[in-house]
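The structure appears below as structure tokens.
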Amino acid sequence: MALPRGRLVFALLLAVAVLPLASDTCPPDEAAIAGRLLERGAAVRTTRPDLSRLLAVAAWELAPSPANRLAMISAELDPLLGVVAFPASGNDKTLSPDGDEVAVCAGGRPSFWDARTGRPLRRASGGPSPAPSAGPGCDGVVYGMDGRRLLTIDNLHNAYVWDAASGGFVAGPLSGTSRAAFGPDSATVFTLDIGGELRRWGATTGRPLGGPLARTPGAQRVAVSADGRYVAAAGRELVVYDLARNREVVRAPTGIDVLAWAVALAFSPDGRTVATGAPGSRLTLWDVPSGRSRRPLKRSEALAVCAIAWSPDGTVIATGRQDGPVQLWDAVSGSPVGPTLAGHFLWADCLRFRGQLVTCGWDEVRRWRWDGYQRGRVLIRQASAVLSVAVSPDGTMVATGAADGAARLWRTADGHRMGEPMIPRNGIGEKIGAAGVAFVGTGSTLAVTGRELGSQLWDVATGGFLISTYDYGTVLAGSRDGRVFATAGSGPNLYSAHSLRQIGYTSGGGPTHYRSLAFSPDGRTLAGGSDLGEVRFWDVRGWTPVKGASLTHDSRVTSLAYSPDGSLLAVAGESGRIRLWSAAARRPTGPFIDAHTAAVRSIAFTPDGRALATAGQDGAVRLWDVPSGRPLGTPMLAGAGPVNALAFLPGGRALLTAHDDGTVRRWDLSDVLDAAGNVCAHAGRALTRAEWAMYAAGAPYRPVCLTAEP
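The sequence shown begins at 16 in our numbering and counts up by one.
If you want it as structure tokens, here you go:
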């Protein structure tokens, strides 16, 4: 009997919550067995990801240590969800549009298999017998967009149409077919012959509908837009034919080698963009109907692309390579999304986005999670680099400071701009910049730091200017209770958020320049990180330096953050390293962590304090497990240049990041933060008694993800 999901999630999260109260040690035998479970889980990760997840849960339940908790979370964050092997290795195959079936073509006829279990479902029947000279293989197999029909191409360039549900013969042969694609209703078929001639056929009659539409010698792939308006052929040239206006609208050289025979071609869901690629060429996006090519996707020139698919919302592109790996790309920035999805032996040549990403290779089908924490969706887009980002206390507004010298307010829900830009100026009307922003008090006031003169305060409701501080501060921070805020340049200064008046002053003029400030959660202490690699502390109530209290980093201090309970202070530097310190003892709790390959620009704790987010000049956003200091998942890459700042939304389920390309991106972190509660759901089954006996021999049986064996 399955444990209800709500109770299962509560039980796992409750166990995680009380974990720090328990001893990190457990009986030696159980600890050793848990270690073996993790080793065996790692060994089957690429072949049996469900079992790998279950063994990680079993290890954690057997020995609930911080290390085993992290291992369970790491298993859950693995994007691979399932692997199914097929006996028909190497034969032409394709996935149904819903990703639930695989059609395999051998001997000129298709057979259908369950993509989740690998079991045979049915074989094609009827139709003409394959010619002996056609050989045992096929030259192609294609599903219709609606999944109702299937087309196979034999080695003599004859195409046949089949009913996908029954396997029954429908029509054929469509003679001279080299490549083919169905129209959106599966009533028409578009084909290329070996000379590159593009034709249209009736899918139920097997007869041509009119004369040739276009001709492009060397074309190796044909595709139809989802709305049925455009049909495209690609090889050395990209040709797009407008079926509504009955004329060719695009003809452009692709740069694809004339000898390339694994050309990939796919329309975006809205039909306004088409992607092309091939071994030895770059993956390129083309606007339809203008025919203008966009900049090729970054780092795609070395790819041996043999398949392309678009996500349903058109924001992500998946490419399959002839040597097996699959890569996801941001369709706007052209940058990779997440790590390379490796595992197929050869020919990742069929891809489907249907909730999960389903891919097939030489002899197997794999299922991947793709729409999780690795995708940073663009929330805000503006013309200049975003240097800073802040979230209002109630979470409804986002403030940005940009390189064009303006601060702006945006709605968190949809990224819509609120009001006009706020542009700080000096006494003679010159822009002084908007390098940093912070909400102060209850969120009714926005503080904006410039490159000179100091901060300016603006009314959030009206967008009107209130007052200038004239303290030459270039960084700022607000206390959690909203009573005070501080700015710093060569020294920190304290202000009342209520009266907007200065209540604490530090004389500057020395060699020290402060790049980061952070208030302790109780608002009693202010920490400041300097260019000299030093962190100093001030008592807020008396506004006096805390004597003998300072920390030393290995480089310029670029960002500071207190944990929500105030027990830890995270320090980040220009070296790309971070370190956690005991806030009370002012001693490091562990070694330096090599977080980024370039300077760390910003850091922040999750509201529960169990994870730390870092943003780097190297363009990466990373999450770290605080108890162990180890990374959670893989780096999150937006391909949008350096990440200048980050901020959590209330509740900590989402993270906002500010980028050099003028965007603010929103990252859903539920996959990471709820990993302990999700791992059983993604495993999809229980660990059986037989598996427990095999992998956890010596330990009494414990139900894993179920109260009893099914």
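Ideal placement from N, C-alpha and C gives every residue a C-beta, glycine not left out.
If you're wondering where the values come from, they're calculated on a predicted model, not measured in any experiment.
Worksheet item: Can you name the start and end residues of the beta strand (DSSP E) that Ala669 belongs to?
Response: As a working mapping, residue 669 is identified with position 654 in the sequence shown. Element bounds for Ala669: 669-674.
Worksheet item: With a CB to CB cut of under 6 angstroms and the five nearest residues on each side skipped, what residues in its chain are close to Ala503?
Response: Position 488 of the sequence shown, counted from the first residue, corresponds to residue 503. Around Ala503: Gly488, Val490, Tyr529, Leu532, Gly543.
Item to complete: Answer yes or no: do Asp378 and Ala322 have a C-beta to C-beta separation smaller than 8 angstroms?
Response: For this step, residue 378 is matched to residue 363 along the sequence shown. For this step, residue 322 is matched to residue 307 along the sequence shown. Not closer than 8 angstroms, so no.
Worksheet item: In chain order, what residues of the same chain lie with their CB nearer than 7 angstroms to the CB of Gly434, ignoring the 5 residues before and after it?
Response: In the sequence shown, the residue the question calls residue 434 occupies position 419. Result list for Gly434: Leu424, Gly478, in chain order.
Discussion item. Please return the same chain residues whose Cβ sits closer than 6 angstroms to the Cβ of Gly654, not counting the five positions on each side in sequence.
Written reply: As a working note, residue 654 is residue 639 in the sequence shown. Only Asp345, Ser348, Ser350 meet the Cβ criterion.
Discussion item. Can you tell me whether Pro606 is buried or exposed? The criterion is at least 16 other CB atoms within 10 Å of its CB, across all chains shown.
Written reply: On the sequence shown, position 591 is the one that residue 606 refers to. Classification for Pro606: exposed.
Discussion item. Contact defined as beta carbons within less than 8 angstroms: I believe Pro227 pairs with Leu213. What is the distance between those atoms, to the nearest angstrom?
Written reply: Within the sequence shown, residue 227 is the residue found at index 212, counting from 1. Within the sequence shown, residue 213 is the residue found at index 198, counting from 1. Confirmed, about 6 angstroms.
Item to complete: Look at the Cβ atom of Pro81, then the Cβ atom of Pro642, and state whether they are nearer than 8 angstroms.
Response: Mapped onto the sequence shown, residue 81 falls at position 66. Mapped onto the sequence shown, residue 642 falls at position 627. Cβ atoms of Pro81 and Pro642: closer than 8 angstroms.
Discussion item. Cutting at 7 angstroms between CB atoms, please list the residues of its own chain near Ala712, excluding the five before and the five after it.
Written reply: The residue labelled residue 712 in the question sits at position 697 within the sequence shown. Closer than 7 angstroms at the Cβ level, and outside the excluded window around Ala712, lies no residue.
Discussion item. Is the separation between the beta-carbon of Gly493 and that of Ala450 shorter than 8 angstroms?
Written reply: Position 478 of the sequence shown holds residue 493. Position 435 of the sequence shown holds residue 450. No, Cβ-Cβ distance for Gly493 and Ala450 is not below 8 angstroms.
Worksheet item: What separation, rounded to the nearest whole angstrom, lies between the Cα atoms of Thr40 and Ala78?
Response: One-based indexing of the sequence shown puts residue 40 at position 25. One-based indexing of the sequence shown puts residue 78 at position 63. With a pLDDT of only 48 at Thr40, under the threshold of 50, the placement of this residue in the model should not be trusted; the figure read from the coordinates follows. Distance between the alpha carbons of Thr40 and Ala78 is about 8 angstroms.
Worksheet item: Gly339 to Val687, Cα distance in whole Å?
Response: For this step, residue 339 is matched to residue 324 along the sequence shown. For this step, residue 687 is matched to residue 672 along the sequence shown. Their Cα atoms are separated by approximately 27 angstroms.
Practice prompt. Write down every uninterrupted run of the beta strand (DSSP E) in the region 328-406 whose length is 3 residues or greater and which is fully enclosed by it, in chain order.
Written response: 331-336, 341-345, 351-356, 365-369, 371-375, 379-383, 391-396, 401-406
Discussion item. Taking its Cβ as the centre, do 16 or more other Cβ atoms sit within 10 Å of Met412, making it buried, or is it exposed?
Written reply: Mapped onto the sequence shown, residue 412 falls at position 397. Burial call: buried.
Worksheet item: According to DSSP, is Asn106 helix, strand or coil?
Response: Here residue 106 is taken as the residue at index 91 of the sequence shown, counted from 1. Correct three-state label for Asn106: coil.
Item to complete: Identify which residue in Ala476, Leu481, Ile482, Ser545 has its Cα closest to the Cα of Ser505.
Response: The sequence position of residue 505 within the sequence shown is 490, counting from 1. For the residues Ala476, Leu481, Ile482, Ser545, the minimum Cα distance to Ser505 belongs to Ser545.
Worksheet item: How is the beta strand (DSSP E) around Leu481 delimited, first residue to last?
Response: In the sequence shown, residue 481 corresponds to position 466, counting from 1. First-last of the beta strand (DSSP E) with Leu481: 480-483.
Practice prompt. Indicate whether the contact test is met: 3 or more Cβ pairs, each with one atom in the region 611-631 and one in the region 51-58, closer than 8 angstroms.
Written response: no
Item to complete: Can you say whether Phe360 is buried or exposed, counting buried as having 16 or more other CB atoms within 10 angstroms of its CB?
Response: As a position in the sequence shown, residue 360 is number 345, starting the count at 1. Under this definition Phe360 is an exposed residue.
Fill in: CB-CB length for Ala576 against Ala585, believed under 8 angstroms
The residue you call residue 576 lines up with position 561 of the sequence shown. The residue you call residue 585 lines up with position 570 of the sequence shown. Their Cβ separation, rounded to whole angstroms, is 5 angstroms, which keeps Ala576 and Ala585 in contact under 8 angstroms.
Worksheet entry | Which of helix, strand or coil DSSP assigns to Gly257 | For the purposes of this step, residue 257 is identified with residue 242 of the sequence shown, where counting begins at 1. It should be pointed out that residue 257 corresponds to Asp in this sequence rather than to Gly. Here Asp257 sits in strand by DSSP.
Fill in: Contacting residues, own chain, Cβ-Cβ under 7 angstroms from Ala319 (five flanking each side not counted)
Working through the sequence shown from its first residue, we reach residue 319 at position 304. Hits under 7 angstroms: Pro294, Arg336, Gln337, Asp338.
Worksheet item: Can you tell me the Cα-Cα spacing of Arg262 and Thr203, whole angstroms?
Response: Here residue 262 refers to the residue found at position 247 when the sequence shown is read from its first residue. Here residue 203 refers to the residue found at position 188 when the sequence shown is read from its first residue. Arg262 and Thr203: Cα-Cα distance of roughly 18 angstroms.
Discussion item. Distance check for Gly648 and Ser570, CA to CA, integer angstroms please.
Written reply: The residue labelled residue 570 in the question sits at position 555 within the sequence shown. The residue labelled residue 648 in the question sits at position 633 within the sequence shown. Computed Cα separation, rounded: 27 angstroms.
Worksheet entry | DSSP state of Leu721 mapped onto helix, strand, coil | The count along the sequence shown starts at 1 and reaches residue 721 at position 706. Coil, per DSSP.
Practice prompt. Go through its chain and collect everything with a Cβ distance to Glu45's Cβ below 8 angstroms, but skip five positions before and after it.
Written response: For this step, residue 45 is matched to residue 30 along the sequence shown. If we look at Glu45 and ignore the five residues flanking it on each side, its Cβ neighbours are Leu77, Ala78, Ala714.
Worksheet item: Counting along the chain, where does the alpha helix (DSSP H) carrying Leu66 start and finish?
Response: Counted from its first residue, the sequence shown places residue 66 at position 51. Its alpha helix (DSSP H) spans residues 64-77.
Worksheet item: At what residues does the alpha helix (DSSP H) containing Pro81 begin and finish?
Response: Numbered from its first residue, the sequence shown carries residue 81 at position 66. 81-92 is the extent of the alpha helix (DSSP H) around Pro81.
Worksheet entry | Close beta carbons around Pro650, own chain, < 6 angstroms, minus the five adjacent residues each side | The residue given as residue 650 occupies position 635 in the sequence shown. Excluding positions up to five away in sequence, the list reads Ala635, Arg637.
Worksheet item: Where are the alpha helix (DSSP H) runs, 4 residues long or more, that stay fully inside the region 602-669, in chain order?
Response: none
Discussion item. Using 8 angstroms as the threshold, is the C-beta distance between Gln235 and Gly250 below it?
Written reply: Here residue 235 is taken as the residue at index 220 of the sequence shown, counted from 1. Here residue 250 is taken as the residue at index 235 of the sequence shown, counted from 1. Contact flag set, yes.
Worksheet item: Does DSSP put Asp44 in a helix, a strand or coil?
Response: Within the sequence shown, numbered from 1, the residue matching residue 44 stands at position 29. Correct three-state label for Asp44: helix.
Worksheet item: Which word fits Thr672, buried or exposed, when buried means at least 16 other C-beta atoms lie within 10 angstroms of its C-beta?
Response: Taking the first residue of the sequence shown as 1, we reach residue 672 at position 657. So Thr672 counts as buried.
Worksheet item: Around the Cβ of Gly370, are there at least 16 other Cβ atoms within 10 angstroms (buried) or fewer (exposed)?
Response: Taking the sequence shown and counting its residues from 1, one reaches residue 370 at position 355. Counting Cβ neighbours within 10 Å, Gly370 comes out exposed, since fewer than 16 surround it.
Worksheet entry | Neighbourhood of Ala610 by C-beta, 8 angstroms cutoff - its chain only, sequence neighbours within 5 removed | Residue mapping note: residue 610 aligns to position 595 of the sequence shown, counting from 1. Answer for Ala610: Ala587, Gly591, Arg592, Ile593, Thr629, Gly631, Arg637, Trp639, listed in chain order.
Discussion item. Pop quiz: Phe101 and Gly122 are said to be a contact at Cβ under 8 angstroms. What is the actual Cβ separation, rounded to whole angstroms?
Written reply: For the purposes of this step, residue 101 is identified with residue 86 of the sequence shown, where counting begins at 1. For the purposes of this step, residue 122 is identified with residue 107 of the sequence shown, where counting begins at 1. Between Gly122 and Phe101 the Cβ distance is about 16 angstroms, and since that is not below 8 angstroms, they are no contact.
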